[in-house]
Amino acid sequence: MLTLKNIVDKFEFASQPNTVGPIGLEFAIEKVQLVQLRETSEGEIVLRAHAALAYPNSREELLSSPHAIKKLLQQALKSAKFSGRKIVTILPANDIRMMSVAYQVAKGKSESEAILKLLSNRVEGELADYVIDYLPTRSATRNDEHLALVAIAKRKIVIEYLESMRASGLSVEALDIAPSAIKRLITIISNIERTENTLVINVGRIKSYMTLISGSRLLFEQEIDFGEAFLLKQISMDLDIGSDMARDLVYTHGLNCKNREHDSRFQCSAVEVSETLTEIVKPRFLKLVDEINRALIYAASETRGEPVKQVYLLGSIARWPGADNLLNQLVKVPVSLPDFLKTFGNTIESDNHQELVPEMAVATGLALRGMKNCA
Numbered sequence: 007m008l009t010l011k012n013i014v015d016k017f018e019f020a021s022q023p024n025t026v027g028p029i030g031l032e033f034a035i036e037k038v039q040l041v042q043l044r045e046t047s048e049g050e051i052v053l054r055a056h057a058a059l060a061y062p063n064s065r066e067e068l069l070s071s072p073h074a075i076k077k078l079l080q081q082a083l084k085s086a087k088f089s090g091r092k093i094v095t096i097l098p099a100n101d102i103r104m105m106s107v108a109y110q111v112a113k114g115k116s117e118s119e120a121i122l123k124l125l126s127n128r129v130e131g132e133l134a135d136y137v138i139d140y141l142p143t144r145s146a147t148r149n150d151e152h153l154a155l156v157a158i159a160k161r162k163i164v165i166e167y168l169e170s171m172r173a174s175g176l177s178v179e180a181l182d183i184a185p186s187a188i189k190r191l192i193t194i195i196s197n198i199e200r201t202e203n204t205l206v207i208n209v210g211r212i213k214s215y216m217t218l219i220s221g222s223r224l225l226f227e228q229e230i231d232f233g234e235a236f237l238l239k240q241i242s243m244d245l246d247i248g249s250d251m252a253r254d255l256v257y258t259h260g261l262n263c264k265n266r267e268h269d270s271r272f273q274c275s276a277v278e279v280s281e282t283l284t285e286i287v288k289p290r291f292l293k294l295v296d297e298i299n300r301a302l303i304y305a306a307s308e309t310r311g312e313p314v315k316q317v318y319l320l321g322s323i324a325r326w327p328g329a330d331n332l333l334n335q336l337v338k339v340p341v342s343l344p345d346f347l348k349t350f351g352n353t354i355e356s357d358n359h360q361e362l363v364p365e366m367a368v369a370t371g372l373a374l375r376g377m378k379n380c381a
């Protein structure tokens, strides 16, 4: 089977051990995100550098131009004190398909053979045209059924992406997937905060992804129909305004203003506007809550009743003032907007002191790969 690791090996440059880790690099929806960590002489992992640069046009336009990619990445690397050019990265979400599969392993066969046999009926064309990797999420149960999260990408797209990174002067140390990066990061945080079960909600424009982690174990990754675009469309329709104006209203006035009067992060300049926005989007948030509650039940069933103790909100909705507060009122588990880079101390060797955002979570998880005690 051609895996992500196999294909990256062909593009990998020789590397030397160093206390400075690789650069975690993600082409998110609106920005390229870069994070680099280092290990201190005491064995502590701390932040070395980070950067987030907006695309000149759309992500699709950028990624179709090797010259534009190289220019933006060079600008990002110069904006902070990054060390070396080794990276751990992921394909843009549009170029990779994630699915959860249940399978059984026949006697004398391997897990990979069982998964490939299952996928042969689920993909178009030949399996040889794809790069396939998987992450087990549950070992065999009484009926000998296994579960795994499978990542599938067109081989041609993977090679083109790796070539664009190499043409930009970067050495691809590993090509990862977002759930692995999230799991790696949450495992570190769970050890620090002693939180066993954690649910991560990464909200995109159209779809969102729920990642359930128990200790260092990924329980599931699920795609759900919840996204910023649907919320903005609902606001636009109800108020008869454009999508851009709807976004400006949300960023200016936020949600659930009455219930965050003592939150120093926000100024409630117009309570009426905030409460109107809240009433418009609340029905869609309640649908998200239904998905969260199902995840909580699943977590308890898979971990002998151990409850989810923390929900982290990431992605575009995490930038909406008051979104976490609204969810906190609707869900019985604490919901927070994490500053993941704070986990690695306040030692910022970069000159780039821009505001940190929850979207940096994936890039931070990528940067952890290969660091001490991080798979």
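Our numbering puts the first residue of the sequence shown at 7, with every later residue one more than the last. Even for Gly, the Cβ is constructed at its ideal location relative to N, Cα and C. Model, not experiment: these values are computed from the prediction.
In three-state DSSP terms, what is I286? helix
What are the uninterrupted segments assigned as alpha helix (DSSP H) that are 4 or more residues long and contained completely in the segment 75-161, given in chain order? 117-125
If you reduce the DSSP assignment to three classes, tell me which class N63 lands in. coil
In angstroms with no decimal places, state the Cα-to-Cα distance between N352 and M366. Low confidence applies to N352: its pLDDT is 47, below 50, so where it sits in the model is not reliable, and the reading given next is rough at best. Between N352 and M366, the C-alpha separation is close to 16 angstroms.
Put K37 into one of helix, strand or coil per three-state DSSP. strand
Would you mind sorting T217 into buried or exposed? The rule is 16 or more other CB atoms within 10 Å of its CB. buried
Apply the 10 Å Cβ neighbour rule to T284 and answer buried if 16 or more other Cβ atoms are within range, or exposed otherwise. buried
Indicate whether Q42 and I29 have their beta-carbon atoms separated by less than 7 angstroms. yes
Can you have a look at A180 and say buried or exposed, based on whether 16 or more other CB atoms are within 10 angstroms of its CB? buried
The beta strand (DSSP E) enclosing G321, as first and last residue numbers: V314 to G321
Own chain partners of A369 with C-beta closer than 7 angstroms, once the 5 adjacent residues on each side are dropped: G30, L31, E32, Q39, L40 and V41
Validate contact between the segment 113-123 and the segment 202-213 using beta carbons, cut 8 angstroms, 3 pairs: no
At what residue ranges does the segment 208-252 contain a whole run of the alpha helix (DSSP H), taking only runs of 4 or more? 234-245
Could you say which of A173, A82 and G260 lies nearest to D330 if we only look at CA atoms? G260
When the distance is taken between beta carbons, is Q110 closer than 7 angstroms to D139? no
From the DSSP output, in three-state form, read off T204 for me. strand
Residue burial classification, M171 (beta-carbon count within 10 angstroms, cutoff 16): buried
Write down the C-beta distance between V287 and I241 rounded to the nearest angstrom, noting that I regard them as a contact closer than 8 angstroms. 7 angstroms
Shortest alpha-carbon distance to I96 belongs to which of A82, I165 and F350? I165
Any idea if A373 is buried or exposed, counting beta-carbon neighbours within 10 angstroms, 16 or more meaning buried? buried
Residues near T46 by beta carbon distance below 7 angstroms, same chain, minus five either side: V52
Assuming V341 and L319 make a contact with CB atoms under 8 angstroms, what is their CB distance in whole Å? 6 angstroms
Since S89 and V178 are thought to touch, with beta carbons under 8 angstroms apart, how far apart are those beta carbons, to the nearest angstrom? Between V178 and S89 the Cβ distance is about 17 angstroms, and since that is not below 8 angstroms, they are no contact.
Taking the beta carbon of K92 as the centre, do at least 16 other beta carbons fall within 10 Å, making it buried, or is it exposed? buried
State buried or exposed for Q316, treating a residue as buried only when at least 16 other CB atoms are found within 10 Å of its CB. buried
Could you check whether V137 and R375 sit closer than 7 angstroms to each other, using their CB atoms as the reference points? no
Can you grab the Cα-Cα spacing for the pair D246 / E278, in whole Å? 17 angstroms
With DSSP run on the structure shown, which of helix, strand or coil describes K293? helix
How is L176 classed by DSSP in three states: helix, strand or coil? coil
Assuming contact is defined by CB atoms lying nearer than 7 angstroms, are P364 and A324 in contact in what I supplied? yes
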